[in-house]
Amino acid sequence: MSNTFVSGKIFSDGRAIQPGYYEFDAEGKLIVPEMKNGVIGDYLYINDIKQTKYKLIKFEEHYYFVDEGDKLLKNTRVYLSSTFVSGKTFLDGRAIQPGYYEFDAEGKLIVPEMKNGVIGDYLYINDIKQTKYKLIKFEEHYYFVDEGDKLLKNTRVYLSSTFVSGKTFLDGRAIQPGYYEFDAEGKLIVPEMKNGVIGDYLYINDIKQTRYKLIEFESNYYFVDDGDKILRSKRVYLSSTFVSGKTFPDGRAIQPGYYEFDADGKMIIG
750 MSNTFVSGKI FSDGRAIQPG YYEFDAEGKL IVPEMKNGVI GDYLYINDIK QTKYKLIKFE
810 EHYYFVDEGD KLLKNTRVYL SSTFVSGKTF LDGRAIQPGY YEFDAEGKLI VPEMKNGVIG
870 DYLYINDIKQ TKYKLIKFEE HYYFVDEGDK LLKNTRVYLS STFVSGKTFL DGRAIQPGYY
930 EFDAEGKLIV PEMKNGVIGD YLYINDIKQT RYKLIEFESN YYFVDDGDKI LRSKRVYLSS
990 TFVSGKTFPD GRAIQPGYYE FDADGKMIIG
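Using the numbering used here, the letters of the sequence shown correspond one by one to residues 750 to 1019.
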């Protein structure tokens, strides 16, 4: 019977009579069908209503996908976009993310295990794939998510303040802008703390000292010049701008004047 005949009519139990095939008995009475609920053949019914195509539908704690011809997907792997999964959650409360999902022989969505950590070239946290151009901390390690949302591995890269600002190593040291290496698993290799003269530069507690300063470190003075490089094997005039308030180890005030710095960059104290 088409909608023309059943529109607005209900069974005695209050159910709306839906368009469809019906049987009549020997007395001409319509045989009231049992309420359809659940999967019947290739179709999903909820409260007697056949669910229609292109929907992800939850019924009795399971999800089903109604596809072409209002038929359920079965034994199939399919990509579900945000159009279908937005606002939907698994039983454990996880949001269903856009992605590929499998449906079993009964049409039920197979719930994937929560993704946490590195899977292939990607980093997941609480089932969410982390996206490109971020330095991310997960379980006491840092990872860098690069182009295509893939992790950097076996790579040395420069991390600017954009990426490291406010971040710290486990020992509490602030992560400074600079070059860092990532291992085969994508983990940032934590460098040893830099203290003292390394090459042409002076570091104190991992921080490279910057130009035009007279700096005391471990009972020695160094002068940081152009390009943040320390002076070596040179004689230079230090004005009051640089020496004011500074003293030698014996307590004498350092006066403006000419001073020499040795091959290690240390000020020679006369």
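Here a beta-carbon is modelled for each residue, glycine too, at the ideal position from N, C-alpha and C.
Tell me the DSSP secondary structure of residue i in three-state form.
i: residue 939; result: coil
i: residue 897; result: helix
i: residue 860; result: coil
i: residue 912; result: helix
i: residue 781; result: coil
i: residue 852; result: strand
i: residue 754; result: helix
i: residue 866; result: strand
i: residue 927; result: strand
i: residue 880; result: coil
i: residue 839; result: coil
i: residue 1009; result: strand
i: residue 787; result: strand
i: residue 760; result: coil
i: residue 833; result: helix
Hey, out of the options, whose CA is closest to residue i's CA?
i: residue 763; options: 796, 771, 777; result: 796
i: residue 821; options: 800, 841, 837; result: 800
i: residue 947; options: 973, 922, 932; result: 973
i: residue 909; options: 777, 860, 925; result: 925
i: residue 977; options: 964, 960, 886; result: 960
i: residue 770; options: 777, 962, 782, 760; result: 782
i: residue 1106; options: 1004, 982, 876, 997; result: Summary: the structure shown does not reach residue 1106, with the chain confined to residues 750 through 1019, and so no result is reported for it.
i: residue 823; options: 812, 845, 852, 807; result: 852
i: residue 765; options: 785, 927, 776, 774; result: 785
i: residue 900; options: 956, 884, 949; result: 884
i: residue 964; options: 992, 880, 955, 949; result: 992
i: residue 1018; options: 984, 988, 990, 994; result: 984
i: residue 897; options: 866, 882, 887; result: 882
i: residue 999; options: 773, 837, 968, 866; result: 968
i: residue 808; options: 962, 837, 888; result: 837
i: residue 870; options: 862, 863, 879; result: 879
i: residue 831; options: 996, 915, 776, 848; result: 848
i: residue 922; options: 949, 833, 945, 956; result: 956
i: residue 798; options: 768, 939, 953; result: 768
i: residue 1005; options: 994, 989, 888; result: 989
i: residue 866; options: 752, 887, 850, 920; result: 887
i: residue 939; options: 861, 949, 919; result: 919
For residue i, count neighbouring Cβ atoms within 10 angstroms of its own Cβ and tell me buried if that reaches 16, exposed if not.
i: residue 787; result: exposed
i: residue 803; result: exposed
i: residue 894; result: buried
i: residue 856; result: buried
i: residue 935; result: buried
i: residue 1010; result: buried
i: residue 754; result: exposed
i: residue 760; result: exposed
i: residue 1015; result: buried
i: residue 1003; result: buried
i: residue 814; result: buried
i: residue 980; result: buried
i: residue 951; result: buried
i: residue 931; result: buried
i: residue 986; result: exposed
i: residue 789; result: exposed
i: residue 1007; result: exposed
i: residue 780; result: exposed
i: residue 845; result: buried
Would you mind giving the Cβ-Cβ distance between residue i and residue j, rounded to the nearest angstrom? I have them listed as a contact below 8 Å.
i: residue 891; j: residue 937; result: 4 Å
i: residue 876; j: residue 843; result: 5 Å
i: residue 858; j: residue 810; result: Not really, about 11 Å apart at Cβ, beyond 8 Å.
i: residue 906; j: residue 928; result: 7 Å
i: residue 933; j: residue 903; result: 5 Å
i: residue 829; j: residue 805; result: 6 Å
I'd like to know if residue i contacts chain C, where contact means its C-beta is closer than 8 Å to some C-beta of that chain.
i: residue 896; result: In the structure shown, chain C does not exist; there is a single protein chain.
Please tell me whether, using a cut-off of 7 Å, the distance from the CB of residue i to the nearest non-hydrogen atom of the ligand SAH is below it.
i: residue 907; result: This structure lacks the ligand SAH, and indeed carries no ligand of any kind.
### Query
Which ranges would you report for the alpha helix (DSSP H) in the segment 946-1006 if only whole runs of at least 4 residues count?
989-992
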